[in-house]
Amino acid sequence: MIRSLICFVFISLSTHGQICLHKNLSKSFNYNIRFQRENENSCKIKVTIIDKTSQKNLQTVVVNSEYIFEKDFNNCSTVRSYITGINENRDSIDNDFGDFIVADFNFDGKEDFAVKSDSGGNGGPIYEYYIQGKNQKFERDKFLTDTVAFFPTSINKSKKTLTTLVHANANERCKLIYKYDLKIKKWKLVSKSFVKY
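Okay, structure coming up:
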């Protein structure tokens, strides 16, 4: 009987994956992140946004990933917040800034978030970016997700820029700087250079 129960619990955990409730990454929201591995590499990541005051579920965002390492989404503490300062200064090894990150990416004073959607290669993980719009609803940002893709090594609020620094070849990293124009609500690549290791 006990063996059956232990076996059931193990199978349940491996089928359902990790569930983390984050209450300290945001001033306005709690985030419930449910990770479910669908086969060896692919998974489904569900992010439920909960209003801190009313405790109402505001929205659920689903990220489907085709390539997530076994080590990713395996520890609830691999998160970061540039809003509350949680793990803000933690070292990023191999350009991995965490599984889930809260920040103001478009410099409008609202909290946004990024979710690791692919473990990536030697350049580091790829992220899906969600920007908070009207009525506390989050929308996937196509430019940040499809063009920037990597997490920025620098978020410069005063210049309204995001800078990525990604492995390019054996001797260099590619440094890209993107600038956001608040008036027209568009991103633009303003600088591309190669930096020696």
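So the sequence shown is numbered by the numbering used here: it starts at 1367 and just counts up by one.
A virtual CB, placed ideally from N, CA and C, is assigned to each residue, including glycine.
Quick caveat, the model's predicted, so the values are computed rather than measured.
Contacts around Phe1439, its chain only, beta-carbon distance under 6 Å, and the 5 residues preceding and following it disregarded: Gln1384, Phe1401, Asp1465
Neighbourhood of His1382 by C-beta, 7 Å cutoff - its chain only, sequence neighbours within 5 removed: Legend: pLDDT at His1382 = 48, less than 50; position of this residue unreliable, value from coordinates given subsequently. Result list for His1382: Gln1402, in chain order.
Own chain residues within Cβ distance below 7 Å of Asn1349, not counting five before or after: This structure cannot speak to residue 1349, because the chain is shown only from 1367 to 1563.
Ala1480 burial status per 10 Å Cβ neighbour count (16 or more: buried): buried
The stretch 1520-1528 touching the stretch 1496-1504, judged by at least three CB pairs closer than 8 Å: no
CB-CB length for Phe1509 against Trp1553, believed under 8 Å: 5 Å
Alpha carbon of Gly1489 to alpha carbon of Thr1450, nearest angstrom: 27 Å
Contact between the stretch 1413-1430 and the stretch 1529-1546 (3+ Cβ pairs under 8 Å): no
Burial state of Arg1456 (16 or more Cβ within 10 Å): exposed
Enclosing beta strand (DSSP E) for Lys1410 [first to last residue]: 1409-1417
Asp1478, DSSP secondary structure in three states: strand
For Asp1478 and Asp1470, believed in contact at Cβ under 8 Å, the rounded distance: 6 Å
Phe1473 vs Lys1523 beta-carbon contact at 9 Å: yes
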